[in-house]
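If you read the first sequence in full-length UniProt numbering, its first letter stands for residue 1, the second for the next number, and so on.
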Amino acid sequence: MSVQGLGMQFKDYDSLLNECVNQKSLIGGQRVQAHMIKTHYLPPVYLRTRLIVFYLKCEVLRDARMVFDEMPERNVVSWTAMISGYTKCGLYSDALTLFVQMLRSGTYPNEFTFATVLTSCVGASGFEHGRQIHSLIIKTPFEFHIFVGSSLLDLYAKAGKIHEAHTVFEALPERDVVSCTAIISGYAQLGLDKEALELFCALQKEGMPSNFVTYASVITALSGLAAFEYGRQVHAHVLRSELSSYIVLQNSLIDMYSKCGNLSYARKVFEIMPERTVISWNAMLSGYSKHGIGKTVVDLYNRMNTENKVKPDSTTLLTVLSGCSHGGMEDIGLKFFDEMKGRRNGVDLSIELYGCVVDLLGRAGQLERALQFVKEMPFEPNAAIWGSLMGACRVHKNVEIGKIAGRKILEIEPENAGNYVILCNLYACEGNWEEVRKLRELMKEKAVIKEPGKSWIEFDHTIHTFYASDRSHPRKEEVFLKVRELSDRIKTAGYCPDLSSVLYDVDEEQKERMLLGHSEKLALAFGMINVSETKPIRIMKNLRICVDCHNFAKFVSGVYGREVFVRDKSRFHHIVNGVCLCGDYW
DNA sequence: ATAGGGTTAG
Numbered sequence: 001m002s003v004q005g006l007g008m009q010f011k012d013y014d015s016l017l018n019e020c021v022n023q024k025s026l027i028g029g030q031r032v033q034a035h036m037i038k039t040h041y042l043p044p045v046y047l048r049t050r051l052i053v054f055y056l057k058c059e060v061l062r063d064a065r066m067v068f069d070e071m072p073e074r075n076v077v078s079w080t081a082m083i084s085g086y087t088k089c090g091l092y093s094d095a096l097t098l099f100v101q102m103l104r105s106g107t108y109p110n111e112f113t114f115a116t117v118l119t120s121c122v123g124a125s126g127f128e129h130g131r132q133i134h135s136l137i138i139k140t141p142f143e144f145h146i147f148v149g150s151s152l153l154d155l156y157a158k159a160g161k162i163h164e165a166h167t168v169f170e171a172l173p174e175r176d177v178v179s180c181t182a183i184i185s186g187y188a189q190l191g192l193d194k195e196a197l198e199l200f201c202a203l204q205k206e207g208m209p210s211n212f213v214t215y216a217s218v219i220t221a222l223s224g225l226a227a228f229e230y231g232r233q234v235h236a237h238v239l240r241s242e243l244s245s246y247i248v249l250q251n252s253l254i255d256m257y258s259k260c261g262n263l264s265y266a267r268k269v270f271e272i273m274p275e276r277t278v279i280s281w282n283a284m285l286s287g288y289s290k291h292g293i294g295k296t297v298v299d300l301y302n303r304m305n306t307e308n309k310v311k312p313d314s315t316t317l318l319t320v321l322s323g324c325s326h327g328g329m330e331d332i333g334l335k336f337f338d339e340m341k342g343r344r345n346g347v348d349l350s351i352e353l354y355g356c357v358v359d360l361l362g363r364a365g366q367l368e369r370a371l372q373f374v375k376e377m378p379f380e381p382n383a384a385i386w387g388s389l390m391g392a393c394r395v396h397k398n399v400e401i402g403k404i405a406g407r408k409i410l411e412i413e414p415e416n417a418g419n420y421v422i423l424c425n426l427y428a429c430e431g432n433w434e435e436v437r438k439l440r441e442l443m444k445e446k447a448v449i450k451e452p453g454k455s456w457i458e459f460d461h462t463i464h465t466f467y468a469s470d471r472s473h474p475r476k477e478e479v480f481l482k483v484r485e486l487s488d489r490i491k492t493a494g495y496c497p498d499l500s501s502v503l504y505d506v507d508e509e510q511k512e513r514m515l516l517g518h519s520e521k522l523a524l525a526f527g528m529i530n531v532s533e534t535k536p537i538r539i540m541k542n543l544r545i546c547v548d549c550h551n552f553a554k555f556v557s558g559v560y561g562r563e564v565f566v567r568d569k570s571r572f573h574h575i576v577n578g579v580c581l582c583g584d585y586w
């Protein structure tokens, strides 16, 4: 395009700038601006705002800000465009600062401003700021504006206030794809998977419009539920629709099949992708990692580096290392870590990565070295670090180091019940019942409430959920009898209930009864009754599986010749012929 | 002219 000759007028500049915005032509726009300066043309607010938008489009935030700062006067659009620029670059607190300046300058925000600035609040995890802005919005006509409302409900949902989010959603006079997706994904991101799925179904019946983001969100909920049959149906629907080529959607399918325990389906989706992002690789790697298949994790990671199309990020490193740990490949994992530390590779090593190393050393039984490693870390060790050291001490029955880790962790996280349980187990294996008793008292004192354990199993297109000592399932009698029967049978093969897993101060007989009531045993028994002998039994649990239930499942697998999968909070246990791929370390 | 929802890891 030509910017030669004088006599350029407003509409000429306007159309030139429009063209540069559309083509993202940085040089073109810069020439337009240079021409304005050369000819002493003083652009009005409108054109200066167009320049800001142009620079933002070309991702040159600094130059956009320069134009903004030099404006003799600004209107709501100039302010909003600049705030949105910061938001899109992830500079949320700068965006919020600018918003405050805007209010001070006496410019009234409009629906565009509010929608943007609420997004900044979400990005900055600034829920309180968001709430304050909500009270500003109440005084405007924008509270029920669909864009503003979507941001608002997202704000509440991401702060964990799903009820308030739902209220905002219900109050919207109209609904569209984005607002519907926002509320569904709000439930899914909080782990309220069943609610997310139900809402999706209900809204679909009402004719909700949906797109690939909607499906990505509902597939996330299905991953949490491990609803394999349902997931396949949704996948089939996606294939029939125009949505199947979205990478985000394929990524969520990889994760969904992995979390349903079906790695071969996940791999199939992964292999036929014409293009992959780092998330595709990470999702696939994580699938193998959680199943304890360390060798494939390493092979896949090597292939990723050989192909050299997608660069590993910090999540990749974490997944590979945790894959080595879950897969019982301590030496290779430690070698990886040294390599990473040597290279750095532009990716910062995170505290979580150091946590993986503690896991690796712990698994290898090198507890002294693990403790030393924790002491020398460039981070202040957190609860997760001490937790993995304590877990390692429980497995290797090292009470001495376990106590050190335990003391630290109770300082940092006195409210986490799981910590007390592991520490109690540790003291119990030493026969130190006095300490166990003290810990129980402490737990009562701090009023720690354990998240109720639940397990579920998909059978006959239904999800059957069991709670500890559950009396609610319609076939409870049958299930309880089956647990007894299994227990009696495997006892003859050497199963011995691990009474130290019970934290309550009751007699031994009752302890055993409580153990038999654990939700994963109920789900396993239900599976033994109903699932065809040729098929594996797949159980899901919301917490980590306890030592006794793990042992129970191994014996059932061995004695009855069944393949059992248990997906717990952190990984898969794949049990064949009485042996678990986790190597009894988790 | 300026605007809202999404996929992986722990």
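Don't be surprised by glycine CBs; every beta carbon is placed ideally from N, CA and C.
So what's residue i in DSSP terms, helix, strand or just coil?
i, result
"Ser570", "coil"
"Arg538", "strand"
"Trp281", "helix"
"Ser210", "coil"
"Gly346", "Residue placement at Gly346 cannot be trusted, given a pLDDT of 48 that sits under 50; the coordinates are not used to answer."
"Glu485", "helix"
"Phe379", "coil"
"Val564", "strand"
"Gly294", "helix"
"Ile401", "helix"
"Thr39", "coil"
"Ser519", "helix"
"Ser469", "coil"
"Thr462", "strand"
"Cys580", "strand"
"Lys454", "strand"
"Ile449", "coil"
"Ile575", "strand"
"Leu410", "helix"
So, is residue i buried or exposed, given that buried needs 16 or more other C-beta atoms within 10 angstroms?
i, result
"Asp584", "exposed"
"Gln101", "exposed"
"Met66", "exposed"
"Asp488", "exposed"
"Lys511", "buried"
"Ala283", "buried"
"Ala202", "exposed"
"Gln132", "exposed"
"Gln189", "buried"
"Ser322", "buried"
"Leu439", "buried"
"Arg48", "buried"
"Glu458", "buried"
"Thr534", "exposed"
"Asp338", "exposed"
"Pro109", "buried"
To which residues of the same chain is residue i closer than 8 Å at the C-beta, ignoring the five residues directly before and after it?
i, result
"Ile332", "Gly294, Val298, Cys324"
"Ile575", "Ala553, Lys554, Ser557, Glu563, Val564, Phe565, Val566, Leu581"
"Ser179", "Ile146, Gly149, Ser150, Leu153, Phe169, Leu172"
"Asp348", "Ser314"
"Cys121", "Tyr92, Leu96, Phe127, His129, Gly130, Ile133, Leu155"
Ignore the nearest five residues each way along the sequence and tell me which others in residue i's own chain have a CB closer than 7 Å to its CB.
i, result
"Gly517", "Ala468, Ser469"
"Cys549", "His518, Glu520, Lys521"
"Leu482", "Note that residue 482 is Lys in the sequence shown here, rather than Leu. So the qualifying residues of the chain are Ala525, Met528, Ile529."
"Glu413", "Ala383, Asn419"
Compute the beta-carbon to beta-carbon distance between residue i and residue j, rounded to the nearest angstrom, for a pair I have assumed lies under 8 Å.
i, j, result
"Gly234", "Ser210", "In the sequence as displayed, the identity of residue 234 is Val instead of Gly. 11 Å between Cβ atoms; not a contact."
"Thr316", "Val278", "7 Å"
"residue 594", "Thr107", "A query on residue 594 cannot be resolved here, the shown segment of the chain reaching from 1 to 586 and no further."
"Leu96", "Val117", "7 Å"
"residue 598", "Phe373", "Not covered by the structure: residue 598. The range shown for the chain is 1 to 586."
"Gly355", "Ile385", "5 Å"
"Leu249", "Leu225", "That pair is no contact at about 18 Å."
"Val32", "Leu42", "The pair is not a contact, with the Cβ atoms about 14 Å apart (cut-off 8 Å)."
"Phe142", "Phe114", "6 Å"
"Tyr265", "Tyr257", "4 Å"
"Leu222", "Tyr230", "6 Å"
Enumerate in chain order the residues of its own chain whose CB-to-CB distance from residue i is below 6 Å, with the five nearest sequence positions on each side excluded.
i, result
"Met329", "Gly294"
"Lys541", "Ser455, Glu520, Asp568"
"Arg471", "none"
Which complete alpha helix (DSSP H) runs does the segment 111-159 hold, if anything under 4 residues is left out? 111-123, 127-138, 146-158
What are the complete alpha helix (DSSP H) segments, minimum 4 residues, inside the segment 78-104? 92-104
Quick check for students: name the residue ranges of the alpha helix (DSSP H) that lie wholly in the segment 318-370, counting only runs of 4 or more. List check, alpha helix (DSSP H) in window: 330-343, 351-363.
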